[in-house]
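The block underneath contains the structure these notes are about, expressed in C-alpha cells.
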Amino acid sequence: MPEVLRTERLTRVFGGLVAVNEVEFAAEEGEIVGLIGPNGAGKTTFFNLVSGALRVSGGRIFFQGREITHAPAYRRAELGIGRTFQVMKPFPRLTVMENVLVGAFLRHPSRLAAERWAAEILKMMGLSEFAAASARSLTTAGRKRLEIARALALNPTLLLLDEVVAGLNPVEAEGTVELIRRIRDRGTTIIMVEHIMRVIMGLSDRIVVLTHGRKIAEGTPPQVASNPDVINAYLGTH
Amino acid sequence: MVQFVQIVVNGVFTGGVYAIIGIGLSLIFGVMRIVNFAHGVFLVVGMFTTLFFFERLHVDPFLVIPLVVLVGGLLGIVLERFLLEPIVRAPEHASILMTVGIGLVLSNLLLFAFGDAPQIINTRYSTSTWHLGPITFSTALTIAFVLTVVVIGGLALILERTDLGRSIRAAAQNADAAELQGINTRRVRSLVFGIGFALAALAGALLLPQLFAHPSIGPTYTLKAFVVTVLGGMGNVAGAIGGGLLLGVTESLGAAYVSSSYRDAFGLAAFLLVLLLRPAGLFGRSRT
Amino acid sequence: MRRTPPSGSHPATRPRIGAGTSSLTGALVLLALLTFYPAAFPSFITLGVTIVLFAAMASAWDVLGGWTGQLSLGHAVFVGIGAYTMALLVLRNGVAPWWGAMVGMGASVVVAAMWGGVTFRLRGPYFALASIAVAEMTRIVANNWARLTGGAEGISLPTLPLFLGLDLFSRRVEFYMALILLGLALAVAWWLQRSRFGYHLQAIREDEDAAMALGINPTREKVWAFLASAALTSLGGSLYGIFLGFFEPRGMFSLDLSVQLALMAYIGGAGTLFGPLIGAGLLVGGSEVLRIYFPGKSLFVYGVLIILVVLFAPDGLSTAVRRARRA
Ligand SMILES: Nc1ncnc2c1ncn2[C@@H]1O[C@H](COP(=O)(O)OP(=O)(O)OP(=O)(O)O)[C@@H](O)[C@H]1O
Ligand SMILES: [Mg+2]
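Residue numbers (the working numbering), protein chains in the order written: chain P, 59 to 296; chain S, 2 to 289; chain V, 341 to 667.
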C-alpha cells in the first residue's frame with residue numbers, strides 16, 4: 059500500500075509547552091487511523107500541523123512522498139488534505155449549500171459543475187433538505203456534518219476528522235460512523251480523533267496513542283486496548 | 002542644550018496627559034476587546050464640561066476636575082449599559098461601528114450646544130510660568146502633570162490592591178473564566194468603560210487651559226490615543242504610560258527640529274511600523 | 341443507511357442560489373428608473389448626483405469592506421488620488437479628464453497593491469487601525485507637498501474640454517456619468533454574489549482559517565478585492581472632483597469621507613447588492629434635510645443611524661427588510 063502521510067519527529071512548542079513532541083506517524087492509502095489520547099494530548103495540534111494551520115517547530119511532514127512541511131494551508135488543501143475543525147467553523151451567513159460550494163469550487167471552477175458536485179455531497183451527508191438554510195441555523199449535529207461535507211467537497215485524498223462523533227446522540231452517531239465507512243470505501247484515507255472508544259475501536263484499522271505530545275503506543279485496536287502504557291495514560295497521570 | 006532639555010520637558014509633560022488618554026483606551030481594549038473610536042470625543046466632552054462649569058459657575062478649571070471626572074464616569078457607564086452591552090457577543094466590527102456612531106453623535110451634539118467657534122479658558126495660570134534654573138515650566142502643565150502622576154498612581158493602586166482591580170484584571174485575562182469564578186463581568190465592563198471615559202474627560206480638562214476646544218477635534222485625539230496604545234501594546238495598561246511619554250517627547254522634538262507640519266505623520270508612521278513589526282507593542286509581550 | 345437529519349433547523353423559504361436572476365432584474369429596473377430622475381426632479385439634480393455618486397463609491401468600498409470583510413477606514417485615499425490625478429493632469433499637462441481618471445485609477449491600483457500587500461497580514465481591528473494611519477499620512481503629505489498638490493489652499497478646475505460633445509460641468513451630464521459608474525459597481529457586486537471569486541471573498545470574511553482549509557489563498561484574494569475596490573473608488577473620486585470643481589486635501593483625503601463610505605454600506609447592508617445604494621440614499625438625503633434646519637456640515641444622522649442599525653439590524657437595513665418580508 060502506498061504511503062499517504064508520514065511525519066518525522068514532528069514537534070510543536072507553545073511557549074514552554076511541547077504540545078507535539080517528535081511524533082513519527084504514517085498512514086497508508088485507504089486506511090482509517092484512529093488518533094487517541096487524553097485531553098490536551100496534542101491531537102488537535104497534530105492535525106493543525108498536518109493541515110498547515112500551525113507552523114511546525116521541528117520535524118518534517120510528507121504527503122504522498124512530497125515534503126509539505128512549510129507549505130501554506132491552502133496549498134495542502136489543493137494537494138488533497140481535507141480537514142474538519144473540532145471547534146466548528148461554518149461560514150455562518152452563507153447557506154449550507156454555499157458552505158459546501160466554496161470547497162467544491164476547488165476542483166470544479168465552473169459554477170454549474172461545482173453546484174452539481176456540492177449537491178451530491180449534501181445528499182450523501184443527508185443535508186439536502188437544509189441546502190437553503192443558513193449555516194448558523196443548524197444544530198450541533200448538523201454543523202458537524204457540514205464540517206465533513208465541506209472537507210469532502212475538496213475530494214480529498216486524506217481526510218482529518220477531529221471529534222466529529224462526540225456530542226451526537228446514539229442514532230446520529232451511528233449515522234456518522236456509517237458515513238465515515240462509506241467515505242473510506244471510496245478510497246479516501248482517514249485519520250480520526252475521537253474520545254468515544256466504542257466508535258474508534260470499531261472503525262479504526264490502526265490506532266495511534268498520544269499523551270503529553272508523545273506517541274506512546276501504536277497498533278491494532280485490540281493491541282492498543284490491552285497495552286498497559288495506554289491504560290496508565292488514561293487512568294494514571296490524568 | 003538648555004533648549005533641548007526644555008523641549009524634552011515640555012514633551013514629557015504633554016506625554017503624561019497622552020498617557021492618561023492611552024490608559025483608558027488600553028483598559029477598555031484589554032477588558033472589553035473593543036477598539037473605542039469615540040475616545041477622542043470623550044476628551045472633547047471633558048473640555049466642554051470644564052468650560053460649562055467654568056463659565057456658568059465660575060469655578061476654577063482645576064477645581065472643576067472632580068466634577069468632570071464624575072460626569073465622564075457616569076456618561077461612560079450609561080453608554081456602556083445601553084449601547085455596548087447589547088452587542089457584547091456581536092462580531093468585532095459591530096463595536097467599531099457603534100463607537101464611531103457614538104463619537105459622531107456626541108461631537109455633533111456638542112456642535113449644536115456650543116457652536117462652531119473654537120473656545121479656550123483664560124485663567125491666571127494659563128500663561129503663567131515658573132523656573133528651575135534656565136528651564137521654564139508652564140504652571141498649567143505642571144499642575145496637569147502632578148495630577149497625571151497622582152491619577153496614574155491611584156489607578157495602579159486600584160488595579161493591584163482592590164477587589165475591583167482584581168476583577169478587572171481577571172476579566173481582561175479571560176472573561177469566561179472570570180465569570181465562572183463568580184465575577185460579575187457585566188458590571189466590570191460598565192465600570193471599565195466609565196473609568197475610560199472619565200480618564201479621557203480628565204485629559205480634556207487638563208489640556209483645556211493649553212488648547213482650544215472645538216467639537217470636531219475628537220478624531221485627532223482618538224488617533225493620538227491609538228498611537229499611544231499601539232506603541233505600548235494594545236491592552237497593556239503600563240505600556241500606555243511609556244507610549245504616552247514617547248509620543249509626547251517625539252512630537253515635541255519633531256516639531257522643534259524637523260518640520261512641524263509633518264509632526265503628526267511621524268507619529269502615524271511609528272504607529273504603522275509598530276503595528277506591523279511588533280504587534281504586541283514596544284514594551285512587554287502579548288498575552289495571547 | 342440511516343438518515344439522521346439534524347433536527348431543529350429551519351430551512352429558509354428562499355434559497356440564495358438562483359436568486360441571481362431576480363436581483364439582476366431588480367438592478368436593471370432600478371437603473372432604468374433612475375435615468376428619469378433628472379427630468380422628474382430637475383431642481384434636486386445636485387442631490388441626485390450626490391446620492392448616485394456616493395452609492396457608487398460605497399458599493400466600491402463594499403467590495404473590500406462588505407464582501408471580503410476587511411473594514412477599511414481609509415478609502416478616501418482613492419477618492420483623493422482619483423480627484424487629484426485627474427485635476428492635476430488637466431491643469432499642468434492639459435490631459436483630458438477622462439484620460440486623467442484612467443491614470444488615477446492606475447495610480448490607485450498601485451497604491452492599493454502596496455498597501456494591501458503590507459497590511460493584509462493584520463486581522464480584525466488592526467487592519468482598520470492601519471488603514472486610518474495610511475490615510476492620515478497621505479492627507480498630511482498631500483497637505484504639505486504644495487508643489488505637487490497645490491497644498492492646503494486646494495485647487496480649482498479650469499474649463500474642461502467637452503466629453504463626446506457634453507459639458508462635464510453640467511449636473512445632468514454628471515448625473516448620468518455617476519449612474520454609469522453605479523451600474524458598473526452594481527454589476528461587480530452582482531457578479532460577486534454568484535461567482536467563484538465572490539464566494540472566496542465571502543468565505544474569507546466569514547472565517548479565514550476555514551477558508552484556507554478549503555484551498556483559498558486569503559492574501560491573494562484580498563489583494564484582488566482591494567484592487568477592484570480601489571479602481572472603482574478612484575473613478576468615483578475623479579467624478580467627485582469634477583462635481584466639486586474646487587477641492588482641498590482636508591476634504592478629499594479626510595477620515596470623515598472614509599467613515600461615510602463605510603457607514604453607508606453598513607447601514608444599507610454590507611456585502612449585499614443594494615445595501616450601499618440604500619445607505620447612500622438615506623444618509624445623503626437625511627443629512628440634506630438636517631442641513632436645512634441646522635446649517636453647517638453635519639454627520640449627526642450618520643451617527644444616529646449607525647447606532648440604531650448596529651443595535652436592531654446588525655446585517656443592515658436591506659437584509660432586515662428582506663427578513664421581515666419573509667417572516
Ligand atoms: N494555540 C495554542 N496556544 C497555546 N497553547 C496551545 C494552543 N493550542 C493548543 N495548546 C495547548 O497544547 C496542548 C495540546 O492541545 P490540543 O488541543 O492539541 O489537545 P487535544 O489532544 O486536541 O485535546 P482535546 O482532546 O481536549 O481536544 C494543550 O495543553 C493546549 O492547552
Ligand atoms: Mg482536540
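Each residue gets a CB set at the ideal place from its N, CA and C atoms; glycine is no exception. These numbers were taken from a predicted model, which means no experiment stands behind them.
- Considering only residues of the same chain and omitting the five flanking positions on each side of V:Met-604, which have a CB-CB separation below 7 Å? Only residues of its own chain outside the window of five on either side were considered, and among them Phe-394, Ala-398, Pro-616, Gly-619, Ala-620 and Leu-623 have a CB closer than 7 Å to the CB of V:Met-604, listed in chain order.
- Query: Tell me which same chain residues have a C-beta within less than 6 Å of the C-beta of S:Gly-74, skipping the five on either side of it?
  - Reply: Gly-195 and Ala-199
- Message: Per the DSSP calculation, V:Ile-391 is bridged to which residue(s)?
- Response: DSSP lists no partner for V:Ile-391.
- Query: Is the beta carbon of P:Phe-104 within less than 8 Å of some heavy atom of ligand 1?
  - Reply: yes
- In this structure, does DSSP put V:Trp-485 in helix, strand or coil? coil
- Item | V:Gly-446 at chain S interface by Cβ criterion, 9 Å | By this cut-off, V:Gly-446 is not an interface position.
- Item | Residue from P:Pro-214, P:Arg-67, P:Arg-201 and P:Pro-60 whose Cα sits closest to the Cα of P:Ser-115 | P:Arg-67
- Item | Environment of S:Val-6 [buried if 16+ CB atoms lie within 10 Å] | exposed
- Item | DSSP three-state assignment for P:Glu-89, whether helix, strand or coil | coil
- Query: Are any of the Cβ atoms in chain S nearer than 9 Å to that of V:Pro-589?
  - Reply: Interface criterion not met: the Cβ of V:Pro-589 is under 9 Å from no Cβ in chain S.
- Limits of the unbroken beta strand (DSSP E) element including P:Lys-273: 272–277
- Got a sec, what are the start and stop residues for the alpha helix (DSSP H) V:Glu-546 sits in? 536–546
- Item | Residues near S:Ala-226 in its chain [Cβ-Cβ closer than 7 Å; skip 5 each side] | Ile-22, Gly-23, Leu-26, His-40 and Gly-41
- Query: Skipping 5 residues on each side, what residues in its chain have a beta carbon closer than 6 Å to that of V:Leu-639?
  - Reply: none
- So which residues on chain P does V:Gln-542 lean against when the C-beta distance must stay under 9 Å? The answer, in chain order, is Phe-149, Arg-151, Leu-152, Glu-156 and Val-160.
- Whole-Å CB distance - S:Leu-44 paired with S:Ala-204, under 8 Å assumed: 5 Å
- Message: Between which residues of its own chain and S:Val-106 is the CB-CB distance below 7 Å, once the five residues before and five after are set aside?
- Response: Within the same chain, no Cβ atom closer than 7 Å to the Cβ of S:Val-106 is found once the five residues on either side in sequence are excluded.
- Taking 9 Å as the CB-CB limit, is S:Met-99 close to chain V? Chain V, which has a Cβ nearer than 9 Å to the Cβ of S:Met-99, makes this yes.
- Message: So S:Val-229 contacts chain V; which residues on that side make the cut at Cβ distance below 8 Å?
- Response: The premise fails here: S:Val-229 is roughly 12 Å from chain V at the closest Cβ pair, so nothing lies under 8 Å.
- Residue of V:Ile-520, V:Gly-581 and V:Asn-557 minimising C-alpha distance to V:Leu-429: V:Gly-581
- Item | Other residues of its chain near V:Phe-503: CB distance less than 7 Å, five sequence neighbours each side excluded | Trp-438
- Message: Taking DSSP's pairing of strands, which residues face P:Arg-64 in a bridge?
- Response: P:Ala-84 and P:Phe-120
- Message: Quick check on P:Arg-141 - is its C-beta less than 9 Å from some C-beta in chain V?
- Response: yes
- Task: With DSSP collapsed to three states, give me the class of P:Thr-197.
- Result: coil
- Tell me, which residues are paired with S:Gln-174 by DSSP? Answer is none; S:Gln-174 lacks a bridge partner.
- Query: In whole angstroms, what separates the C-alpha of V:Ala-602 from that of S:Arg-170?
  - Reply: Cα to Cα, V:Ala-602 sits roughly 34 Å from S:Arg-170.
- N- and C-terminal bounds of the alpha helix (DSSP H) containing S:Val-250: 238–258
- Task: Whole angstroms is fine: what's the gap from P:Gly-74's alpha carbon to P:Met-255's?
- Result: Rounded to the nearest angstrom, the two C-alpha atoms are 31 Å apart.
- Message: At a CB distance below 7 Å, what residues from the region 209–243 of chain P approach chain V? Give them in sequence order.
- Response: Leu-212, Val-229, Glu-230, Glu-232, Gly-233 and Glu-236
- Query: Taking the C-alpha atoms as reference points, what is the distance between S:Gly-116 and S:Ala-214?
  - Reply: 11 Å
- Touch test, the region 187–206 of chain P against the region 154–169 of chain P, Cβ-Cβ under 8 Å, three pairs minimum: yes
- Given a limit of 7 Å on CB to CB distance, which residues of the region 247–264 of chain S reach chain V? Across the region 247–264 of chain S, CB contacts with chain V closer than 7 Å involve Ser-262 and Tyr-263, in sequence order along the chain.
- Which residues in the same chain have their Cβ closer than 7 Å to the Cβ of P:Pro-96, if we skip the five residues on either side of it in sequence? Same-chain partners within the cutoff: Thr-269, Ala-291, Tyr-292 and His-296.
- Chain-order list of residues whose beta-carbon lies under 8 Å from that of V:Ala-519 (same chain, five-residue window excluded): Ala is not the amino acid found at residue 519 of chain V; the sequence shown has Leu there. Closer than 8 Å at Cβ, skipping near neighbours: Leu-371, Leu-374, Thr-375 and Val-392.
- Query: Quick one: is the Cβ of P:Val-251 within less than 8 Å of any heavy atom of ligand 2?
  - Reply: Yes, the Cβ of P:Val-251 comes within 8 Å of a heavy atom of ligand 2.
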